[in-house]
Every structure is written in C-alpha cells, then in structure tokens.
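In the numbering used here, the protein residues as written are 12 to 775. Here a beta-carbon is modelled for each residue, glycine too, at the ideal position from N, C-alpha and C. Taking it in order: structure first as structure tokens, then the write-up.
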Amino acid sequence: MAAPEPPALLRFDDFAVNRRERSLRRRGVRLKLHGQAFDILLLLLDRPGEVVTREELQARLWPRTTFVDLENGLNAAVKKLRQTLGDSAESPRYIETLPRVGYRFLGTVAGELPAAAPLTTSAPPPRRARRALAAGAIVLILALAAASAWLWRWPRSIPLSDADLVLVADFVNTTGDPVFDSTLKRAVEVKLGESPHFNVLNEPNLRATLRLMERPTSVRLVPPLDREVCQRAGAKVAIGGSIVARGDAYTLSLDARNCRTGELVAHEEGRASGREHVLPALGEMLPPFRRRLGESLTTIERFNTPIAQATTSSLSALKAYAMGDENRLQDKEEESLAFYRMAVELDPQFAIAWARLAAVYRILGQYDRSRSAMARAFQLREHVSEREKLYIAAHYYVDFTRDFAAAIRTYELWTQIYPRDWIPYNNLADVAGIAGLYEKAIPAGEQALRLNPNSWFAYGALANAYLRAGRYAEARAICDRAAAEHHGAPSVAMTAARLPYVLGDRAAIDAGIAAAEPKEDPQVLAYLAQATTGLGRLKQARRLYGMALQAALERGAQEYAANNAYDESLAEAELGDAPAARADVARALEWNRDPAAGVYAALTLARLGEYERAAQLSSAADVRPDDTLHNAVSLPAARAAIALAQRQPQRAIEALTAALPYDLSEISNGETLYLRGVAYLELGSAAQAAAQFQRLIDNRGSALTVYWPLAHLGLARAEAAAGKPGEALKAYQSLLELWSGADPELPVVRQARAEYQRLKGAGS
C-alpha cells in the first residue's frame with residue numbers, strides 16, 4: 012500500500028505553512044521565507060519534538076557541499092528562519108539548538124490534507140439543501156482533517172518477529188552530562204535483550220559492520236549514521252532516543268525507525284524530575300514502546316524486570332560497567348577490571364557487574380577472587396533480568412561450585428528461551444569441552460559462531476573443542492580463519508600453539524618454542540611447556556614453565572601459578588626426576604593453600620611412591636561436594652595412584668569408575684586412561700590395558716601431556732605381555748620416534764630404549 016500523502020497545510024500557533032505553495036503566513040499575512048530556510052522549517056515541522064541532525068540536513072539540503080560551506084550555509088539559513096519566526100536561540104520558543112548535534116521543533120503542529128475536488132451535478136440543489144450539504148461537508152472536512160492529522164503524527168506500526176534483527180543506537184545527549192553517554196543505550200539493550208521477542212544486534216557484529224564501512228568502532232550511532240549501519244547489518248529496525256535537560260528536569264524520547272524507509276514506527280516520550288529519576292523514567296517508557304513494536308502482553312509481563320533492578324539505579328555505576336564491557340570487547344581483560352571494580356564500588360548491589368568481575372578474574376587466573384565475586388553475584392541474582400539470572404546461575408555453577416552438570420542444564424535452558432543469543436551456545440561449548448563432552452560442545456560452538464562470527468570467544472571455544480575431539484583439520488581451519496579476521500585472542504593462540512604437537516610438525520614446534528617470550532600469556536606458555544614434556548624435552552619444558560610461572564605471579568595469579576607447578580611436578584615424577592618433582596609440589600602448596608588443591612600434590616607424591624602423605628592430602632581435599640570434575644576425575648585419579656603405589660591395582664580400577672564419562676576432560680589430560688591402563692597391566696589383563704592406552708593415543712588432542720607418549724610405552728608393554736611382539740615393537744618404534752629429541756639422561760627414556768632393544772633382540 013502506498014504511503015499516505017503528507018499534509019499540505021501545517022499549522023502552529025499563529026503560523027500556517029502551505030507545502031504546495033511553499034508559503035509561510037502569520038495571521039493570514041505572507042512572510043518572506045525561501046530556499047533552504049523554508050526546507051529546514053518543513054523538515055522540523057514534519058518531525059515535531061524529534062532531533063533533526065546536522066548530518067541529516069546536510070544529506071538532504073547540501074549533499075555536495077564542503078564542510079565549511081555547509082556550516083556557513085546551515086547557520087545562515089537557521090538564523091534567517093529564526094528571524095522570520097521571531098524566535099531566539101538563547102530562549103527558543105520554536106527551534107531549539109542541540110550544540111554539535113542538530114535542531115528540534117518545540118511547538119505543537121497540526122496537519123491538514125488538501126480538500127477534495129467538488130462534486131458536480133446537472134442541477135443546483137434547493138437553497139435549504141445546499142445549506143445542509145455545506146454544513147455537512149464542513150463537518151466532514153474537519154473530521155477528516157483531524158483524523159488525518161492524528162494519523163500523520165502517529166507512528167505506523169511494523170511487525171517484528173523474534174528473527175528480525177534490531178539495532179540499538181546511541182541516545183542523542185544534549186545535556187552536556189557525559190554520564191548519559193552509553194549508559195542509556197546499555198539500559199535499553201539490557202531491557203530489550205531480556206525479552207525473547209527482540210533479536211538485538213550484538214556488539215562484536217556491530218563493530219564488524221562499522222569496520223566494513225571504514226568507520227571507527229567508537230563512533231556514536233546517531234541519525235543518520237544509525238540507519239545506514241542498520242541497513243548494512245541487515246537489521247529491520249533502529250531504536251534510538253534523546254535526552255534533553257530542561258532546568259533540573261529531563262525530557263526523554265524513544266524512537267524506532269524502519270531501517271529501509273526511515274519511517275517512524277514507534278515513539279514514546281517521558282520526563283524525569285531529576286538526574287536520579289532518568290533510569291526509572293526510561294524503564295516506564297519501555298513496556299508501551301515494546302507493545303507498539305509487536306511484542307505480546309504475555310512476554311512483556313513475564314520479562315519486565317524494573318530497569319534499575321535489571322541494571323543499577325546508579326548512572327555512574329552503569330557508566331563504569333559500560334566502559335568495562337567496552338574494554339573487554341577489545342580483548343583488554345586486565346584494563347576492564349578497574350571499571351568493573353568501580354561499578355561494584357559505586358553500587359554494591361550491581362549483580363551483573365559482580366558476575367563480569369568474576370569472569371575476568373577467572374580468565375586472568377585469579378581464581379580466589381573470581382569465586383568470591385561470583386558468590387556475591389549469585390546472592391544478588393534476584394536483582395537482575397531473567398536473561399542475566401541464567402548468566403549468573405550458570406557461571407556460579409562453573410566458577411564457584413564447579414557443578415558442570417548443573418551448568419550444562421542451565422545453558423541448555425538458556426538456548427531454549429533465547430535461541431538467537433550466541434552467549435549460551437558459546438559457554439555451553441566451553442563448559443562441555445572442559446568436561447570432555449564433545450558431542451555437546453561442537454554443535455553448540457558451531458551455532459555460537461554462526462550467530463556471532465565476530466567474537467574471539469566463539470572462535471576460541473570451537474577451535475579447542477575441535478582439537479580435543481580429534482578433528483584437527485577443522486581446528487586448524489578455525490584458527491586460520493580467526494587469524495584472517497584478526498581474532499588473535501589467547502584462547503585461539505593456545506589451540507594454534509598445540510596443533511603442531513598433535514600433527515607432529517617438528518619445525519613448527521621448534522619455531523614456537525624459540526619464539527616464546529617471558530611476557531607472553533601465561534596460559535599459552537603453560538600449554539607449550541605441557542606439550543613439550545610430551546616430547547621428552549624436560550629441559551625445554553622447565554624453561555617454558557619458568558616463564559609461565561613468572562608471568563602468572565606478576566599478574567597476581569598465584570593459584571594459576573600453583574596449578575602450573577603441579578603440572579610440572581607430575582611430568583617430572585613420571586619421567587623420573589623425583590627431587591625436582593618434590594620441589595615443585597612444595598612451592599605449589601605454598602602458593603595455594605586451598606585444601607582441595609592438595610589433590611594434585613597427592614597425585615604427584617603417589618606416583619613417587621609416597622602414598623602415606625598422598626593419602627593425607629587426598630583425604631583433606633575431599634571438600635567440594637558439588638565439584639563435578641574434582642569428584643569424578645581428580646580425587647579418583649589420586650586414589651588410584653595411591654592404590655597403585657600400595658600394589659592394589661584392582662582398587663585403583665574401582666576408584667577410576669567415576670571418571671569413565673570424563674576420561675577426555677581437560678582436567679584429566681589422559682591421566683585417568685593411563686592409570687587405568689597401568690592397573691589392568693599389573694592385574695595381568697593385557698588386552699584391557701592395551702584398550703586404555705590405545706584410546707589415549709587416539710585422542711592425543713585431549714592429552715598433550717607426558718601421558719600421551721607414556722601411553723605408547725604402556726601399549727608396547729601390554730602387547731608384549733599379550734604375546735604380540737610385532738605389535739609391541741611397532742608401539743616402541745612410535746614412542747622412540749616421538750622421543751627422538753628427548754633428553755637422553757631421563758630414566759624412563761633409557762628404560763624404554765633398553766626394553767625395545769631386548770624385544771628386538773629376542774625376535775632376531
């Protein structure tokens with residue numbers, strides 16, 4: 012259906028504007044107003060109460076004019092218009108100037124359509140009939156004019172489905188108070204994001220669109236740029252607003268415009284009596300605004316957390332939170348900390364800011380602080396939107412209780428309620444990948460990347476899941492794609508660093524070790540060190556572990572440093588350097604005094620044969636009843652190692668039963684498969700032992716530790732015990748090829764070579 016014809020006659024106060032005649036009259040007297048000054052008046056009258064930006068005026072009236080000429084021409088035209096209307100820039104009655112932004116018409120405008128052509132008849136009606144007809148016509152014309160004016164000023168609705176993309180733009184802030192910059196936009200994003208009806212364009216994809224347009228990612232999205240970005244991003248509606256100070260009070264507006272036509276499809280206005288009432292006023296405007304955009308009353312009522320509760324009642328806290336998110340989106344995790352801390356200091360009840368703080372602490376390896384912040388967020392979870400309740404609950408299960416089963420259920424529920432939100436898919440991929448549940452992790456990671464192809468989080472989670480699931484070509488493709496798209500985040504770098512070890516690329520391995528810098532990310536350094544022990548290069552691994560520990564300690568991540576020391580100690584114990592292993596256990600216990608972490612010391616000490624002290628540490632570590640992997644992997648592995656040290660292999664196998672679903676988890680790193688294989692070998696069950704070792708070898712992406720090569724040694728011994736010398740020789744040869752550059756003095760290396768020579772000699 013064609014758009015209705017705009018009113019030909021516009022009235023405000025004593026003025027009348029005739030669009031067709033291009034005339035302006037006051038009390039019937041025609042005033043002199045022509046050219047761009049008249050065009051500016053028409054644009055303002057067509058959108059009373061709205062901001063018409065200087066950029067929009069340029070695009071409409073001076074499309075090919077230089078900036079200097081535009082400024083001169085625009086200023087002169089507005090000055091002429093004010094003179095004609097008898098208006099003043101200092102005390103505006105009609106035209107308000109928004110410095111460096113644009114102009115707004117302040118009066119009330121009525122519009123009238125042109126009168127219809129008169130009807131013709133063959134004979135004039137009687138005088139009485141003519142009078143009645145005339146009176147009726149006048150009433151009809153007035154009614155039509157009133158209806159037309161009402162329809163003209165009322166926004167036309169546009170049906171939005173949950174599949175339609177929505178851009179939330181910046182508010183035009185004319186108050187001069189920077190606290191409103193980004194905060195009001197963030198509040199609207201949170202509220203619309205709470206509803207499943209709105210598919211809000213996320214920040215990474217918005218930034219990618221701006222880069223394609225060769226615009227800075229920090230540019231403010233105000234008209235007409237917001238509409239252009241909206242079109243380029245494939246969104247249907249752009250939602251923006253404005254805030255104007257009137258003394259101590261504020262006037263707010265919310266607008267939704269069709270990205271294709273620019274047509275106003277929803278409008279809402281509100282007023283706040285003071286600065287502290289701005290957010291509540293915005294919250295009151297949103298439900299009717301959402302209704303005009305087609306959302307059902309059912310979902311509005313269900314997903315309508317008060318805006319101050321969904322975010323914060325403190326504008327300053329919300330500003331700090333927005334700045335934290337801004338830094339985090341640029342992969343500046345450490346820089347974001349100060350802003351999130353400021354947010355919770357300004358408002359200690361700001362639940363989602365506590366959750367963000369916890370997430371950043373976890374990424375930086377500051378686990379104690381992460382758990383403390385997440386506990387606080389969980390306590391305050393009733394003070395957030397429905398979507399953020401899911402976010403906080405899931406992170407609480409992952410970061411505090413470590414209940415991965417509950418976390419996975421929460422993320423799956425989140426994907427059902429908000430199927431177009433990439434975050435639950437990405438986090439499900441991450442959590443399921445850590446647990447070794449790749450049948451869940453990979454589909455979730457793929458969907459996260461489809462929904463948000465511009466987030467390094469999505470690349471990192473999927474690349475890691477592919478690697479650990481043994482899909483190495485796909486892992487390489489994701490890493491290459493991330494590098495091409497400039498998503499070189501630590502999580503992607505870790506996967507890229509591990510790929511050469513999985514693929515046996517010696518040149519790339521040596522290049523990666525040579526390029527490692529002391530100030531590099533401690534997680535990347537730790538992964539390089541861990542994988543290097545798998546090659547039997549303990550001297551190189553120690554150098555890398557040393558750099559990883561130093562980098563972690565400099566960042567205040569003592570708990571993470573302790574975890575690395577435990578990993579190093581276990582490798583040293585398995586490769587035969589008992590003194591170094593004991594020294595690493597001692598410093599790890601000093602850095603992290605959490606009794607639960609003692610389970611890792613117990614494992615190393617048990618592999619050294621010190622089962623009594625290992626048993627004490629293992630018993631003291633049984634303090635996390637809800638921690639899925641602690642109870643299913645870490646404690647069983649320590650108990651199995653203790654049983655093996657006590658020459659009780661059957662008890663070791665029984666202890667490892669709980670680990671069966673999580674053998675490929677990140678926290679296992681092959682240790683449960685290896686220990687189970689050793690136990691079966693000691694029981695004389697060679698075939699079952701071989702099956703455990705072979706599974707570890709086949710899943711080397713999940714075990715880039717010392718247990719991967721040791722599985723070859725275990726397989727060789729199992730095949731020899733089963734009377735299969737040919738198969739045993741193949742396993743020994745694979746191990747010795749893998750260890751071709753190993754430190755020759757390591758006891759286990761010398762032992763493996765001696766066993767191979769004996770078997771080879773017996774065969775000849």
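Element boundaries [beta strand (DSSP E), containing residue i]
i, result
"residue 36", "34-37"
"residue 41", "40-42"
Local Cβ density within 10 Å of residue i, reported as buried at 16 or more and exposed below that
i, result
"residue 458", "buried"
"residue 419", "buried"
"residue 161", "The predicted model places residue 161 with a pLDDT of 40, which falls under 50 and marks its position as unreliable; any figure quoted below should be read in that light. Exposed."
"residue 133", "In this predicted model, residue 133 has a pLDDT of only 40, less than 50, meaning its place in the structure is not dependable enough to derive any value."
"residue 189", "exposed"
"residue 128", "Bear in mind that a pLDDT of 37 at residue 128, under 50, signals an unreliable position, so the model cannot answer this."
"residue 28", "buried"
"residue 734", "exposed"
"residue 45", "exposed"
"residue 428", "exposed"
"residue 516", "exposed"
"residue 405", "buried"
"residue 151", "For residue 151, the predicted structure reports a pLDDT of 46, less than 50, and the residue's modelled location is therefore unreliable. A value from the coordinates is still provided. That one is exposed."
"residue 686", "buried"
"residue 230", "exposed"
"residue 223", "exposed"
"residue 343", "exposed"
"residue 79", "Any answer about residue 79 is weak, because its pLDDT of 38 lies below 50 and its placement is not dependable; what the coordinates show is given next. With fewer than 16 Cβ atoms within 10 Å of its Cβ, residue 79 is classed as exposed."
"residue 40", "exposed"
"residue 24", "exposed"
"residue 730", "buried"
When the options are compared against residue i, the one with the closest alpha-carbon
i, options, result
"residue 570", "375, 464, 688", "375"
"residue 627", "613, 636, 638", "613"
"residue 291", "300, 299, 281", "281"
"residue 249", "260, 255, 235, 480", "235"
"residue 436", "471, 104, 28", "471"
"residue 705", "716, 681, 493", "681"
"residue 412", "637, 118, 273, 113", "637"
"residue 434", "114, 211, 242", "211"
"residue 85", "59, 99, 65, 462", "65"
"residue 35", "228, 216, 95", "95"
"residue 743", "771, 343, 753", "771"
"residue 3", "358, 410, 389", "Given that the chain is displayed from residue 12 to residue 775, the structure contains no residue 3 and the question cannot be resolved."
"residue 172", "209, 323, 200", "209"
"residue 186", "216, 114, 261", "261"
"residue 53", "327, 598, 17", "17"
"residue 243", "278, 26, 178", "178"
"residue 475", "622, 463, 455, 462", "455"
"residue 414", "432, 394, 445, 398", "445"
Residues that DSSP places opposite residue i in a beta bridge
i, result
"residue 23", "26"
"residue 113", "64, 109"
"residue 183", "253"
"residue 210", "176"
Endpoints, the alpha helix (DSSP H) within which residue i is located
i, result
"residue 434", "433-445"
"residue 718", "718-732"
"residue 57", "46-57"
"residue 580", "569-586"
"residue 8", "Coverage of the chain is limited to positions 12 through 775, which leaves residue 8 absent and any answer about it impossible."
"residue 118", "Careful: residue 118 lies outside any alpha helix (DSSP H) and carries neither H nor E."
"residue 560", "549-565"
"residue 784", "Absent from the structure is residue 784, since the part of the chain shown begins at 12 and ends at 775."
"residue 628", "622-631"
"residue 601", "589-602"
"residue 485", "483-495"
"residue 450", "449-462"
"residue 412", "Careful: residue 412 lies outside any alpha helix (DSSP H) and carries neither H nor E."
"residue 190", "Element bounds for residue 190: n/a, residue is neither H nor E."
"residue 398", "397-407"
"residue 359", "Unbroken run through residue 359: none, as it is neither H nor E."
"residue 611", "609-618"
"residue 715", "Neither: residue 715 is in no alpha helix (DSSP H) and is coded neither H nor E."
"residue 467", "467-479"
Those runs of the beta strand (DSSP E) which lie wholly inside the region 222-286 and span at least 3 residues:
You should have 248-257, 260-269, 275-283.
What are the complete alpha helix (DSSP H) segments, minimum 4 residues, inside the region 655-713?
660-666, 682-694, 697-709
Give the list of continuous alpha helix (DSSP H) stretches no shorter than 4 residues that lie fully inside the region 301-355.
308-313, 318-321, 326-340
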